[in-house]
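**Student:** Protein chains in written order, with our numbering: chain A, 1 to 292; chain B, 1001 to 1651.
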Amino acid sequence: MNAQIIGQMAVSGALMGLVYALIAYGFQLTFATSKSINFGQGELVMISAFFSLTLTNLGFPYWAMVPGGLLFGALMGLVVERAGVRLALEQKSEGWILLSIIIGLFFFSAAENIWGRDDRPFPTPISADPIHILGVDVTRLELSVAVGVFAIMGLIELFKRRTLLGKAFEAVSADRDAAELMGISSTRTVMLSYGLSGSVAALAGILVSPITTVGPTMASALILKAFSVAVVAGLDSGFGVVLVGMFLGALESLASFYLGSGWREAPGLILLILALALRPNGVFGKATIRKV
Amino acid sequence: MKRILLLRGAELIVFAFLATIPLLVVNPYALGLLTLLAIYGILLIGLDVTVGYLGQVNLAHVAFLGLGAYAAGLVVTKLGMGMVPALLAAALVGLVLGGLLALPALRLEGPQFALATLSFAALSTTALNELEALTGGAQGLSLSRPPILGHTLTPPLFYWLCMVLLALVWMLMRNLLASQWGRAFEALRDSPIATDAMGVGTYKHKVAAFALGSSLGGLAGGLYAFNFQYLQPQSFTYDLMIILLLGVVLGGRKSLWGAFVGATVIVLLPNLLSNRLLFQIFSGLGFAGALAAGVQGLMKKSTRPFQALAPVVAMGLLVVGGLFVENTEDWRKAIFALMLFSVVVGLPEGIMGFLALFLAKLFRVPHAPLPEPADLDTMLPIRPADGSALLVLADLKRYFGGVKAVDGLSMTVRAGTIHGLIGPNGSGKSTVVNVISGLYTPTAGTMQLRGVTLPIGSLYSVAQAGVARTFQNLQLFGELTALENVLVALKGVYRNPLPMVLLGLARREERTAQAQALALLELIGLREQALVKAKDLTYGAQRFLEIARALARKPDLLILDEPAAGLAHPDVLQQIEFIQRIHQRGITIILIEHHMDVVSELCDTVTVLDGGRIIAEGTPDEVKRHPKVVEAYLGQPPQPELPGGAEPLPA
Chain A
1 MNAQIIGQMA
11 VSGALMGLVY
21 ALIAYGFQLT
31 FATSKSINFG
41 QGELVMISAF
51 FSLTLTNLGF
61 PYWAMVPGGL
71 LFGALMGLVV
81 ERAGVRLALE
91 QKSEGWILLS
101 IIIGLFFFSA
111 AENIWGRDDR
121 PFPTPISADP
131 IHILGVDVTR
141 LELSVAVGVF
151 AIMGLIELFK
161 RRTLLGKAFE
171 AVSADRDAAE
181 LMGISSTRTV
191 MLSYGLSGSV
201 AALAGILVSP
211 ITTVGPTMAS
221 ALILKAFSVA
231 VVAGLDSGFG
241 VVLVGMFLGA
251 LESLASFYLG
261 SGWREAPGLI
271 LLILALALRP
281 NGVFGKATIR
291 KV
Chain B
1001 MKRILLLRGA
1011 ELIVFAFLAT
1021 IPLLVVNPYA
1031 LGLLTLLAIY
1041 GILLIGLDVT
1051 VGYLGQVNLA
1061 HVAFLGLGAY
1071 AAGLVVTKLG
1081 MGMVPALLAA
1091 ALVGLVLGGL
1101 LALPALRLEG
1111 PQFALATLSF
1121 AALSTTALNE
1131 LEALTGGAQG
1141 LSLSRPPILG
1151 HTLTPPLFYW
1161 LCMVLLALVW
1171 MLMRNLLASQ
1181 WGRAFEALRD
1191 SPIATDAMGV
1201 GTYKHKVAAF
1211 ALGSSLGGLA
1221 GGLYAFNFQY
1231 LQPQSFTYDL
1241 MIILLLGVVL
1251 GGRKSLWGAF
1261 VGATVIVLLP
1271 NLLSNRLLFQ
1281 IFSGLGFAGA
1291 LAAGVQGLMK
1301 KSTRPFQALA
1311 PVVAMGLLVV
1321 GGLFVENTED
1331 WRKAIFALML
1341 FSVVVGLPEG
1351 IMGFLALFLA
1361 KLFRVPHAPL
1371 PEPADLDTML
1381 PIRPADGSAL
1391 LVLADLKRYF
1401 GGVKAVDGLS
1411 MTVRAGTIHG
1421 LIGPNGSGKS
1431 TVVNVISGLY
1441 TPTAGTMQLR
1451 GVTLPIGSLY
1461 SVAQAGVART
1471 FQNLQLFGEL
1481 TALENVLVAL
1491 KGVYRNPLPM
1501 VLLGLARREE
1511 RTAQAQALAL
1521 LELIGLREQA
1531 LVKAKDLTYG
1541 AQRFLEIARA
1551 LARKPDLLIL
1561 DEPAAGLAHP
1571 DVLQQIEFIQ
1581 RIHQRGITII
1591 LIEHHMDVVS
1601 ELCDTVTVLD
1611 GGRIIAEGTP
1621 DEVKRHPKVV
1631 EAYLGQPPQP
1641 ELPGGAEPLP
1651 A
């Protein structure tokens, strides 16, 4: 009986962990091209979810709402890149950390005032009835998260490998200066990565909202865990985030069961600090050689 | 003298004015604001140590405020002790936890550091909320202000206590930050690698800076607890952290006055937001300021268009928004965001950074006069060049995966010589230097300096052992002046312990240090530019400065990594002369160089590397004629019968 409860908690936690993995994947996209990440990514998840909710309330069907939400996320990602990141990258400073936090704060305040401070349900055509698989109950909703996460990650990876633009993306990630010399605009590639990262954040919002509800603060917990996943796995670890995300999701689900729900966040945070101390490049990351 | 008088005078006037306010005004509301000003002043001075001097985005400071507040509260409520032990406990909690957090965060830079501090802050909020038995959780913790020495602390008395503490912190930090410690913090920000290579020790200073800043956060927390007499975990969250960052950045980084201005802004913000007229006046002023600065910047072409326009747009949003929004309180986060955005982009030096320039011009404040250069013979005595073996490398190897960058190198460098290390690109020269200086750990082999095994894999320990180096890609401390660059590395002058430095009793050794540093700058012809920031020097001067800084270590062995790289011909000649001057002092030099003329002119012995192995060794002339060297540099001589019947290239 006890084993079954543990299994159940671990599975639903791991499915939730895929959302963290997806947001962490968004960090990887921008880190690859520009060595920067958006500290306001959580707010991007949140306003994209709110925007998608508005689309739904306006009567858009699910299949039309999803691309709309993704487009909105991409646009917001571009706003962050233009207003917060580009200048700092040109100056080779780390000002983007502070600026992306600031832009996130602005989005947060805007959302609070436009959509209100309360949590709202997010309607979805996918049913929340449990299905019984291998002794654990999983809902279609939870499975849709897994499908969505793997679909977008697969698509983006295919795009990077198969298209010319995607190869430019990889070239800038590998060596920015060399790519510039080959006539690839690194500025445009960084824009592309922020756009993609914004879309990924939007999808994370759309996938998780039916489960958690939509509200201005929905992302503050999500984002900390996504940070943990990205750093523990390594910011250049590729699919490593999926494994770490699922592991962390399962871990915190068990922690909240045994220690109380207030301690839900603790394992991720401790894991993050430990990973930073012991393996700053992440479990799946590559060690860099210091050059002078 | 004029400078000191002006600065100290301004401090005295402001503090005297603040101290007399309770005697003149008896408005409890105003007094409450002033008390908060003192508390936030201490808090921001602490935050400025990490954000300004270390240059890291620190998101944990608010957690130290909270932890300090709870520590003080618990000492009073649970242990029944007085205010003094409570405040000490608050500062101690900050010091210890700050030091502990700095340990894992040590190796981290930029985003990872920000993330580690963010996690710590979230974790501490969780702990304060969940440890209900101790903290009362979300219910909060009430406490009363215990008397000091039998005196009940009335609001004016408590205000004075806060002000005295602020003045004390101000004085101690002023002394510390103007000392070798403050310079080391800044050096760390500009180049951690060079800081270690100059024997300063990033480890000690990063932990010290973070622990110190956090202890001030804790102390401010203790005062916070006694000011509000009610604590809740929700008070110490991310929102407040953003406001604190706004205070430091807006006030001006790396400045005590900046922290004070920032604290004033933070204290006045709620009033600004609740009064519509006031808000409109201030946003209008901000817009006008941004517009004026932007237009001026564009006309002079001193700023990029984005930097000039973005603050105008942000401030414009603030003005327009202020007209349409019903309740500005609802939008306070957006307002903070717009203000902070404008400042970070348009006024990165903050209000005080801007004012300091302006005031310095207005009063024509000169820099404090520099002492006469010290006598070079006393500070850097000429060493005997006896030709004994100084550095012995035996079978040294360094592999990167499958790449054998250095593959079994044995070499002896003799005391008092200039030993050249040359070879084509990728031959392993730089790797050898990086292994000797401790940046890389050797895969195998031994290294001995004067018969003593050299520490491996630590820039800091190798520097301490008497090896100094320069860097092929310049690693100067850009924000420090030429003089300060040399001072940071200076060995054998700074002896006073930390308490003496804090109390400002270490001024004499500072003069000695300046004199010595100036002597070194004179040696490489930079005495006139002693007060110029390193990043503003010409490229040639920067290369020279790297050498002066390495010399400040008073090394047994000086490693020069391509000191003439990228220099124009006249500068190369100068560089040769400087290196000869250093050589005359008996300092042993390893010279890595591409310019063959420089090598021929300077070196006594030359070792030639190719593919990580030695292919020739001898005097410059011998080496130049060595067939293997010719082959390595120019390739195989053309064979008479080429395959495919191609015409041999004309010679």
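Just so you know, even glycine gets a beta-carbon here, dropped at the ideal spot from N, CA and C.
(1) What number of angstroms, rounded off, separates the C-alpha of L1439 (chain B) from the C-alpha of D1556 (chain B)?
(2) Starting from Q1307 (chain B), find everything on chain A with Cβ-Cβ shorter than 7 Å and list it in chain order.
(3) Anything in chain B within Cβ reach of A110 (chain A), meaning under 8 Å, just list it in chain order.
(4) Using beta carbons (cut-off 8 Å, strictly below), is G262 (chain A) in contact with chain B?
(5) Buried or exposed for G68 (chain A), going by 16 or more other Cβ atoms inside 10 Å?
(6) Return the first residue and the last residue of the alpha helix (DSSP H) that S1235 (chain B) is part of.
(7) Please classify A1651 (chain B) as buried or exposed, where buried requires at least 16 other C-beta atoms within 10 Å of its C-beta.
(8) Under 8 Å between C-beta atoms, does I329 (chain A) make it to chain B?
(9) Please list the partners that P280 (chain A) has in chain B, where partner means a Cβ-to-Cβ separation under 7 Å.
(10) Within a Cβ cutoff of 7 Å, which residues of the same chain sit near A1385 (chain B), ignoring the five residues on either side of it in sequence?
(11) Are the CB atoms of L1141 (chain B) and L1223 (chain B) nearer to each other than 8 Å?
(12) Go ahead and pull the three-state DSSP assignment for I131 (chain A).
(13) Going by Cα to Cα distance, which pick from B:G1082, B:T1264 and B:E1510 is closest to L1177 (chain B)?
(14) If you measure from the beta carbon of A266 (chain A) to each beta carbon in chain B, is any gap under 8 Å?
(15) For a quick check, are the C-beta atoms of G1041 (chain B) and F1064 (chain B) less than 8 Å apart?
(16) Closest by CA to T54 (chain A), which one among A:W115, A:S36 and A:G148?
(17) Could you check whether P1424 (chain B) and Y1238 (chain B) sit closer than 8 Å to each other, using their CB atoms as the reference points?
(18) Tell me, which residues are paired with H969 (chain B) by DSSP?
(19) Among A:Y258, A:S12, A:V244 and A:L192, which one has its Cα closest to the Cα of A74 (chain A)?
(20) Report, in whole angstroms, the separation of the C-beta atoms of F39 (chain A) and G104 (chain A), which I expect to be a contact under 8 Å.
(21) Tell me which residues share the same chain as S1283 (chain B) and place their Cβ nearer than 6 Å to its Cβ, disregarding the 5 neighbours each side in the sequence.
(22) Where does E142 (chain A) land, buried or exposed, given buried means 16+ other C-beta within 10 angstroms?
(23) For a contact defined as C-beta to C-beta under 8 Å, what are the partners of F106 (chain A) on chain B?
(24) Considering only their Cβ atoms, is the gap separating V1493 (chain B) from L1480 (chain B) smaller than 8 Å?
(25) Is L122 (chain A) helix, strand or coil by DSSP?
(26) Going along chain B, which residues have a C-beta under 8 Å from F227 (chain A)?
(27) Should G1217 (chain B) and G1068 (chain B) be called a contact, given that it needs their Cβ atoms to be closer than 8 Å?
(28) Buried or exposed for T1378 (chain B), please, with buried defined as at least 16 other CB atoms from any protein chain shown within 10 angstroms of its CB.
(29) Buried or exposed for R1253 (chain B), going by 16 or more other Cβ atoms inside 10 Å?
(30) Residues of chain B with a CB under 9 Å from the CB of E94 (chain A): which are they?
(31) On the premise that H1595 (chain B) lies in contact with V1572 (chain B), defined as a C-beta separation below 8 Å, what is that separation, rounded to the nearest angstrom?
(32) Our contact map puts L1602 (chain B) next to I1576 (chain B) with C-beta atoms below 8 Å; I'd like the distance itself, whole angstroms only.
(33) Run through DSSP, which three-state label would Q1475 (chain B) get?
(34) Going by the DSSP bridge assignment, what does L1391 (chain B) pair with across the sheet?
(35) At what residues does the alpha helix (DSSP H) containing G1504 (chain B) begin and finish?
(36) Are three or more beta carbon pairs between the stretch 22-31 of chain A and the stretch 210-230 of chain A nearer than 8 Å?
**Tutor:** Inspection of the coordinates gives the following:
(1) Spanning the two alpha carbons is a distance of roughly 19 Å.
(2) Within 7 Å Cβ-Cβ: L87.
(3) Chain B residues near A110 (chain A): A1334.
(4) Yes, G262 (chain A) lies at the interface with chain B (some Cβ there is under 8 Å from its Cβ).
(5) Burial is judged here by how many other beta carbons sit within 10 angstroms of a residue's own beta carbon; G68 (chain A) has at least 16 and is buried.
(6) Looking at the DSSP string, S1235 (chain B) is not in any alpha helix (DSSP H), and its letter there is neither H nor E.
(7) Confidence in A1651 (chain B) is poor, its pLDDT being 42 and thus under 50, which makes the residue's placement unreliable; the coordinate value appears in the next sentence. Counting Cβ neighbours within 10 Å, A1651 (chain B) comes out exposed, since fewer than 16 surround it.
(8) Because residue 329 (chain A) is not part of the residues shown, which for chain A are 1 to 292, the question remains open.
(9) Near P280 (chain A) (Cβ distances below 7 Å), the residues of chain B are R1107, L1108 and Q1112.
(10) Closer than 7 Å at the Cβ level, and outside the excluded window around A1385 (chain B), lie A1415, G1416 and G1586.
(11) In this structure, L1141 (chain B) keeps its C-beta atom at 8 Å or more from the C-beta atom of L1223 (chain B).
(12) If DSSP states are grouped into helix, strand and coil, I131 (chain A) belongs with the strands.
(13) Checking every option, the nearest Cα to that of L1177 (chain B) belongs to B:E1510.
(14) Yes, because at least one Cβ of chain B sits closer than 8 Å to the Cβ of A266 (chain A).
(15) Going by C-beta atoms, G1041 (chain B) is not nearer than 8 Å to F1064 (chain B).
(16) When C-alpha distances from T54 (chain A) are compared across A:W115, A:S36 and A:G148, the shortest belongs to A:W115.
(17) P1424 (chain B) sits away from Y1238 (chain B), with the two beta carbons spaced by 8 Å or more.
(18) A question about residue 969 (chain B) goes unanswered here, because the residues of chain B that appear run from 1001 up to 1651.
(19) Taking only the C-alpha atoms, the option nearest A74 (chain A) is A:L192.
(20) Between F39 (chain A) and G104 (chain A) the beta-carbon gap is near 6 Å, inside 8 Å, which marks them as a contact.
(21) Once the five neighbours on either side are set aside, the close Cβ partners of S1283 (chain B) are L1318, V1319 and G1322.
(22) E142 (chain A) comes out buried.
(23) Chain-ordered, the chain B residues with CB closer than 8 Å to the CB of F106 (chain A) read K1333, A1334, A1337, L1338 and F1341.
(24) If you check the CB distance, L1480 (chain B) and V1493 (chain B) do not come in under 8 Å.
(25) What sits at residue 122 (chain A) in the sequence shown is Phe, not Leu. Note: F122 (chain A) maps to coil in three-state DSSP.
(26) The contacting residues are L1115, L1118 and S1119.
(27) When the beta-carbon positions are compared, G1217 (chain B) and G1068 (chain B) come within less than 8 Å of each other.
(28) A residue is called buried when at least 16 other Cβ atoms come within 10 angstroms of its Cβ; T1378 (chain B) does not meet this threshold and is exposed.
(29) Per the 10 Å Cβ criterion, buried.
(30) Going along chain B in sequence order, the residues near E94 (chain A) (Cβ under 9 Å) are G1055, Q1056, V1057, E1109, G1110, P1111 and A1114.
(31) With a Cβ gap of about 7 Å, V1572 (chain B) and H1595 (chain B) count as contacting.
(32) With 8 Å as the limit, L1602 (chain B) and I1576 (chain B) qualify as a contact, their Cβ atoms being about 6 Å apart.
(33) DSSP places Q1475 (chain B) outside both helix and strand once states are collapsed to three, so it counts as coil.
(34) Listed as beta-bridge partners of L1391 (chain B) by DSSP are B:V1413 and B:L1449.
(35) Annotation for G1504 (chain B): no alpha helix (DSSP H) segment contains it, and DSSP assigns it neither H nor E.
(36) Because the criterion of three Cβ pairs below 8 Å is met, the stretch 22-31 of chain A and the stretch 210-230 of chain A touch.
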